[in-house]
Amino acid sequence: MTPAGEIDLGAVAVLPGLVNAHTHLELSWLRGRIRETDDFPGWIRSVVSLIRSTDDHAEEAEAAIWRGIDEAVQCGTVLVGDISNRLVSSAPLAARGLAALVFHELIDFKAANARKAVADGLERMKAVPSGERLRHVLAPHAPYSVSPALFEAIHRERNGVVRTSVHLGESTAEVEFLNDGTGPWRQFLEDINEWDNGWTIPACGPVEYLDRLGFIDDRLVVVHGVQFTRAELQRIAAAGATLVTCPRGNLRTGAGMPPVSDFYWEGVRVAVGTDSLASVPDLNVFSELAELRRLAPDVPARALLESATINGARALGFETDFGSIDAGKCDALLAIAIPSGVKDVEEYLVSGIAPSQVRWLPPAEK
Ligand SMILES: [Zn+2]
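In terms of our numbering, the sequence shown has 291 at position 284, counting the first letter as 1, and numbering is strictly consecutive.
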């Protein structure tokens, strides 16, 4: 018997709803369509050719977004950092009430198009639902797909305060492209007629490149960093930017194995993302934590759990609502059943939790 208004949860760990700091809900319809590979540029080519056929799969693509949102919630997610090129996830996110910072991603390597790309992006953002729990900002895709002029135009729009995100240091091909102007990305841009002859080879690594463009600051969400050197990680840490790691996707897309321990030991603020269903089988952040634990057995479980909660909430600007159990925050809390015999609960929580173990607590009566 419990007194009225009290619930006996049994043996559970109560924790704040998880933050999936990097996903692409609009790619959910690609689940299972792209094979695991060790060729990252080849993987991107497959994604791009499928994206170009989205209109032929419009109904399926939309249904997959709704399913993706429901799946994320069932897996204990309270907030997402959602990359969106078409802004088709905004209405479903609003309808389901899943909090999100939507990064409206721009891709254009031709410098002459930069101003128009930003103006069009801002117009599209005005046309979709938004609110206190559903915010939109502009974001550049990556150094090999966005012109320096477009990086600068987006940065001007940020006005020193607006958050943004970028895929950075993901593949060796990107490092080659920035250092030498050669390799698979140069070839790809030429093949799709996006190469810009006016582009000057920066002859540096990805972090230095973005720093020169004024982009590295504490409002930046850097995604991947698989290829970052220790010196680059130190620079990210010193700037106070957040690094979102998506280890399962990195391994399946051929980007490589992220140096997870280095991320933590260099003092970077690390958050966690599942990336899209084009590269991973589910949107379960707990599965991502299990992969992090496998890759970095020396990082304390508590630090991994912070990455999946408060660090993600901070990175997305929702730390007053989510990310920890505190007075005044939303009571979006999870109860995870802990089997008898478990000695280290934090360690158990990063060992792989199935959706069937996740239960949302009812909001407290006020
Ligand atoms: Zn991504």
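Glycine is no exception: its CB is placed at the ideal position from the N, C-alpha and C atoms.
Check, Outcome
"Return the first residue and the last residue of the beta strand (DSSP E) that H231 is part of.", "L227 to H231"
"Note the first and the last residue of the continuous beta strand (DSSP E) segment covering F110.", "A106 to L113"
"Tell me the DSSP secondary structure of P99 in three-state form.", "helix"
"Per DSSP, which residues does T260 bridge with? Please list them.", "In DSSP, T260 forms no bridge with anything."
"Select from P150, Q234, A308 and A79 the residue whose C-alpha is nearest the C-alpha of L220.", "P150"
"Rounded to whole angstroms, how far is the Cβ of V125 from the Cβ of A160, which I believe are closer than 8 Å?", "5 Å"
"When DSSP labels each residue in this structure, what does P150 get in the three-state scheme?", "coil"
"Identify which residue in A238, V153 and G247 has its Cα closest to the Cα of R226.", "G247"
"Can you tell which of P48, C82 and R255 has its C-alpha closest to the C-alpha of D198?", "P48"
"Expressed to the nearest angstrom, what Euclidean distance is found between the alpha-carbon atoms of S35 and H162?", "29 Å"
"Compute the minimum distance between the beta carbon of D289 and the heavy atoms of ligand 1, and state whether it is under 6 Å.", "no"
"Tell me which residues share the same chain as G190 and place their Cβ nearer than 7 Å to its Cβ, disregarding the 5 neighbours each side in the sequence.", "A180, E183 and F184"
"Cβ of D89 versus every heavy atom of ligand 3: is any distance shorter than 6 Å?", "By its list of ligands, the structure shown excludes ligand 3, since it contains just ligand 1."
"Out of P307, D45 and I90, point me to the one whose CA is closest to T171's CA.", "I90"
"Excluding the 5 residues preceding and the 5 following V275 in the sequence, name in chain order all residues of the same chain whose CB lies nearer than 6 Å to its CB.", "L240, I243, A244 and L250"
"Suppose contacts are defined by Cβ-Cβ distances below 7 Å. Is H31 in contact with S283 by that definition?", "yes"
"Hey, would you say E295 sits closer than 7 Å to V279, going by beta carbons?", "yes"
"Among T61, A262, R193 and C82, whose alpha-carbon lies nearest the alpha-carbon of A315?", "C82"
"For ligand 1, I want to know if D282 counts as a neighbour, meaning its beta carbon is within less than 6 Å of at least one of the ligand's heavy atoms.", "yes"
"Just curious, the beta strand (DSSP E) that P23 is in, first and last residue?", "V19 to P23"
"Among G17, V144 and W272, whose alpha-carbon lies nearest the alpha-carbon of V306?", "W272"
"Start and end of the alpha helix (DSSP H) containing A160?", "P155 to R165"
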